[in-house]
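Engineer: Below is the structure I would like to discuss, written out as structure tokens.
Numbering (our numbering), first residue to last: 414 to 478.
Here you go:
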């Protein structure tokens, strides 16, 4: 563990960055040519929408869920 766990994996989509994964593990800390292990965010979207999204008010963030 190097402290990156839980960090976002971002992808550019329609000129906006979106979170597509969450850092789960890796060999070292973002070393070149070394794979990382990520959790796919879409696999947990139902949970996110049920437990996180209801508590977020529109004026608190400019992010879309």
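Beta carbons: idealized from backbone N, C-alpha and C, even for Gly.
Using the Cα positions of residue 452 and residue 434, report the straight-line distance between them to the nearest angstrom.
Structural biologist: Distance between the alpha carbons of residue 452 and residue 434: 5 Å.
Engineer: Within 8 Å (strictly less), CB to CB, does residue 458 reach chain D?
Structural biologist: Judged by its chain identifiers, the structure shown contains no chain D, having just a single protein chain.
Engineer: Secondary structure at residue 421, three-state DSSP: helix, strand or coil?
Structural biologist: Strand at residue 421.
Engineer: Measuring alpha carbon to alpha carbon, tell me which of 455, 445, 436 ends up nearest residue 416.
Structural biologist: The shortest C-alpha separation from residue 416 is found at 436.
Engineer: What are the start and end residues of the alpha helix (DSSP H) that includes residue 461?
Structural biologist: Counting along the chain, the alpha helix (DSSP H) containing residue 461 begins and ends at 458–464.
Engineer: To the nearest angstrom, how far is it from the Cα of residue 422 to the Cα of residue 454?
Structural biologist: So the alpha carbons of these two residues sit roughly 9 Å apart.
Engineer: Taking the straight line between their C-alpha atoms, what separation do you get for residue 427 and residue 459?
Structural biologist: For residue 427 and residue 459, the distance between alpha carbons rounds to 23 Å.
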